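Q:
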DNA sequence: GCAATATACTAGGACATCCAAGGGTTTGGA
DNA sequence: TCCAAACCCTTGGATGTCCTAGTATATTGC
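Residue numbers (the working numbering), protein chains in the order written: chain R, 20 to 187; chain A, 20 to 187.
1) Across the segment 39 to 51 of chain A and the segment 156 to 165 of chain R, are there enough close Cβ pairs to call them in contact, namely three or more that are closer than 8 Å?
2) Are there 16 or more other CB atoms within 10 angstroms of the CB of residue 2/A, so buried, or fewer, so exposed?
3) How about residue 112/A and residue 64/A: are their beta carbons less than 8 Å apart?
4) Excluding sequence positions up to five away, which residues of its chain have a Cβ less than 6 Å from the Cβ of residue 116/R?
5) Which residue marks the beginning of the alpha helix (DSSP H) containing residue 82/A, and which one marks its end?
6) Which residue marks the beginning of the alpha helix (DSSP H) containing residue 179/R, and which one marks its end?
7) Of all the CB atoms in chain A, is at least one closer than 8 Å to the CB of residue 136/R?
8) Based on Cα-Cα distance, which residue from 186/A, 181/A, 185/A, 171/A lies nearest to residue 54/A?
9) DSSP puts residue 136/A in a beta bridge; with which residues?
10) Do you know offhand how far residue 182/A's Cα is from residue 83/R's?
11) Could you tell me which chain R residues have their CB closer than 8 Å to the CB of residue 35/A, listed as they occur along the chain?
12) Which two residues bound the contiguous alpha helix (DSSP H) that contains residue 70/R?
13) Could you name the residues of chain A that residue 57/R contacts, counting a contact when the two beta carbons are closer than 7 Å?
14) Under the assumption that residue 68/A contacts residue 169/A (Cβ atoms under 8 Å), give the Cβ distance between them as a whole number of angstroms.
15) Name, please, each residue of chain A whose Cβ falls closer than 7 Å to the Cβ of residue 168/R.
16) For the alpha helix (DSSP H) that residue 113/R lies in, which residues bound it at each end?
17) Considering just the uninterrupted stretch of the alpha helix (DSSP H) at residue 31/R, what are its terminal residues?
18) Under 8 Å Cβ to Cβ from residue 62/A, same chain only, skipping five residues before and after it: list those, please.
19) Sort 135/R, 104/R, 118/R by Cα distance to residue 125/R and report the nearest one.
20) What number of angstroms, rounded off, separates the C-alpha of residue 133/A from the C-alpha of residue 93/A?
21) Starting from residue 127/R, find everything on chain A with Cβ-Cβ shorter than 9 Å and list it in chain order.
22) List the residues of chain R that residue 43/A touches, going by C-beta distances under 9 Å, in chain order.
23) Let me make sure I understand the geometry here. Which of 160/R, 149/R, 184/R, 177/R has the alpha-carbon closest to that of residue 66/R?
24) Suppose you measure from the CA of residue 33/R to the CA of residue 173/A; what does that come to, to the nearest Å?
25) If you measure from the beta carbon of residue 20/A to each beta carbon in chain R, is any gap under 8 Å?
26) CA-CA distance, residue 52/A and residue 107/R?
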């Protein structure tokens with residue numbers, strides 16, 4: 020989207036914060052901004068790898084989640100909770116996955132309010148292939164050192180827990 | 020958006036990866052997924068704080084960037100590069116900020132292709148107030164320890180540099 | 001047993017991001 | 001000098017996310 024900048028824009032922002040007397044919060048500001056930017060970079064990589072499979076990250080996540088479910092099916096509200104996205108986002112993803120014949124909607128056997136999302140055979144196959152691609156081209160070459168990975172998992176895990184994501 | 024889950028869904032995903040023989044990349048996968056989720060949580064907090072000011076994070080970032088520019092003005096392509104977003108995203112943000120009378124578009128004095136974005140007096144005031152709010156309500160209470168903040172800045176800085184964000 | 005409340009999903013709208021294309025302006029090499 | 005290539009911004013389209021209803025089904029409590 021652009022060539023490398025001569026200087027780190029986030030480090031510059033941190034300096035600006037300090038220069039304006041906000042030194043107390045300059046570092047957390049920089050850390051948070053860095054997280055936002057890193058997410059953007061990672062998402063772009065992931066989407067790039069998934070594109071040939073006709074998937075986006077949101078759809079892939081749903082497919083992967085289903086592929087780990089015992090029966091290959093989950094209620095929509097369960098998927099929404101586990102993926103931690105708004106129910107309408109799941110509706111959106113399922114609409115498109117269903118159109119691509121990768122999942123099917125089916126009524127819940129006992130609760131008339133609930134809709135089950137079920138993986139089709141093609142859906143399962145594609146999930147597997149996409150996962151292999153992601154493992155090879157993104158997760159296997161994250162660019163993070165092993166120690167840093169462990170540190171990120173711990174620090175961000177604590178953060179997510181404090182934010183109310185899970186009890187555990 | 021939902022109540023806390025009984026278990027950390029990302030830790031579960033990591034276990035699933037290991038169980039399927041992808042142990043090599045399970046940890047990086049978990050770290051990357053955690054970054055995505057953390058970004059989502061932080062963005063929601065930021066947007067929540069900015070909403071009373073009629074700003075979104077994208078618009079705030081542009082406003083803040085302009086407020087640090089000597090003249091309070093920047094060419095659109097410069098803003099695009101510094102914010103590291105697609106030019107069309109800047110066009111979109113400027114359209115809305117201009118409608119809110121927080122910035123003004125003006126022609127570049129010597130290059131007819133370029134458009135300058137200029138902060139208005141209200142824009143500058145609002146940027147200051149919004150920044151104070153973010154400093155108090157988000158950056159000042161990030162939930163990250165000081166050491167973790169330093170670590171994040173370093174690790175993510177290295178990552179962004181390796182990704183081609185900047186030379187430095 | 002029935003009304004009030006809670007849950008589950010979806011439709012419509014606001015925003016943001018990116019990509020692909022198009023029109024105007026500059027730059028540079030023949 | 002002059003036209004092709006490069007650059008800048010905008011428009012239009014595809015996606016994703018969230019919020020705010022609105023409809024349908026379950027559960028609760030009196």
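All residues carry an ideal CB built from backbone N, CA and C; glycine is no exception. It should be emphasised that the depicted structure is a prediction, and the values quoted were computed from it without experimental measurement.
A: In terms of the structure at hand:
1) yes
2) With chain A covering only 20 through 187, there is no way to say anything about residue 2/A.
3) In the second chain, the residue the question calls residue 112/A occupies position 93. In the second chain, the residue the question calls residue 64/A occupies position 45. Going by C-beta atoms, residue 112/A is not nearer than 8 Å to residue 64/A.
4) Locating residue 116/R in the first chain gives position 97, counting from the first residue. Within the same chain, residue 116/R has close Cβ partners 78, 122.
5) As a position in the second chain, residue 82/A is number 63, starting the count at 1. Unbroken alpha helix (DSSP H) run through residue 82/A: 76 to 87.
6) Taking the first residue of the first chain as position 1, residue 179/R is located at position 160. First-last of the alpha helix (DSSP H) with residue 179/R: 165 to 181.
7) Residue mapping note: residue 136/R aligns to position 117 of the first chain, counting from 1. Cβ-Cβ to chain A under 8 Å: no for residue 136/R.
8) Start at 1 with the first residue of the second chain, and residue 54/A comes out as number 35. Comparing Cα positions, the closest option is 171/A.
9) For the purposes of this step, residue 136/A is identified with residue 117 of the second chain, where counting begins at 1. Under DSSP, residue 136/A takes part in a beta bridge, and its partners are 93/A, 124/A.
10) To locate residue 182/A, count along the second chain from 1; it is residue 163. To locate residue 83/R, count along the first chain from 1; it is residue 64. Between the C-alpha atoms of residue 182/A and residue 83/R there is a straight-line separation of about 26 Å.
11) Your numbering for residue 35/A matches position 16 in the second chain. Contact annotation for residue 35/A against chain R: 87 [CB-CB distance below 8 Å, chain order].
12) Start at 1 with the first residue of the first chain, and residue 70/R comes out as number 51. Element bounds for residue 70/R: n/a, residue is neither H nor E.
13) Against the first chain, residue 57/R aligns to sequence position 38. Simply 54, 175, 178, 179.
14) Position 49 of the second chain, counted from the start, is the residue given in the question as residue 68/A. Position 150 of the second chain, counted from the start, is the residue given in the question as residue 169/A. That pair is no contact at about 24 Å.
15) Here residue 168/R is taken as the residue at index 149 of the first chain, counted from 1. Neighbours of residue 168/R on chain A, chain order: 46, 47, 50.
16) For the purposes of this step, residue 113/R is taken as residue 94 along the first chain, with counting starting at 1. First-last of the alpha helix (DSSP H) with residue 113/R: 106 to 118.
17) Stepping through the first chain from its first residue, residue 31/R is reached at position 12. First-last of the alpha helix (DSSP H) with residue 31/R: 28 to 38.
18) Taking the first residue of the second chain as position 1, residue 62/A is located at position 43. Excluding sequence neighbours, residue 62/A sits near 76.
19) In the first chain, counting from the first residue as 1, residue 125/R sits at position 106. For the residues 135/R, 104/R, 118/R, the minimum Cα distance to residue 125/R belongs to 135/R.
20) If you number the second chain from 1, residue 133/A lands on position 114. If you number the second chain from 1, residue 93/A lands on position 74. Their Cα atoms are separated by approximately 10 Å.
21) Taking the first chain and counting its residues from 1, the one referred to as residue 127/R is at position 108. In chain order: nothing, as chain A lies at least about 19 Å away.
22) Residue numbering aside, residue 43/A sits at position 24 when the second chain is read from its first letter. Near residue 43/A (Cβ distances below 9 Å), the residues of chain R are 154, 158, 159.
23) On the first chain, residue 66/R is found 47 positions in, with the first residue counted as 1. The shortest Cα separation from residue 66/R among 160/R, 149/R, 184/R, 177/R belongs to 149/R.
24) Residue numbering aside, residue 33/R sits at position 14 when the first chain is read from its first letter. Residue numbering aside, residue 173/A sits at position 154 when the second chain is read from its first letter. If you take the alpha carbons of residue 33/R and residue 173/A, they lie about 13 Å apart.
25) Counted from its first residue, the second chain places residue 20/A at position 1. True, the Cβ-Cβ gap to chain R drops below 8 Å.
26) In the second chain, the residue the question calls residue 52/A occupies position 33. In the first chain, the residue the question calls residue 107/R occupies position 88. Near 21 Å, if we compare the C-alpha coordinates of residue 107/R and residue 52/A.
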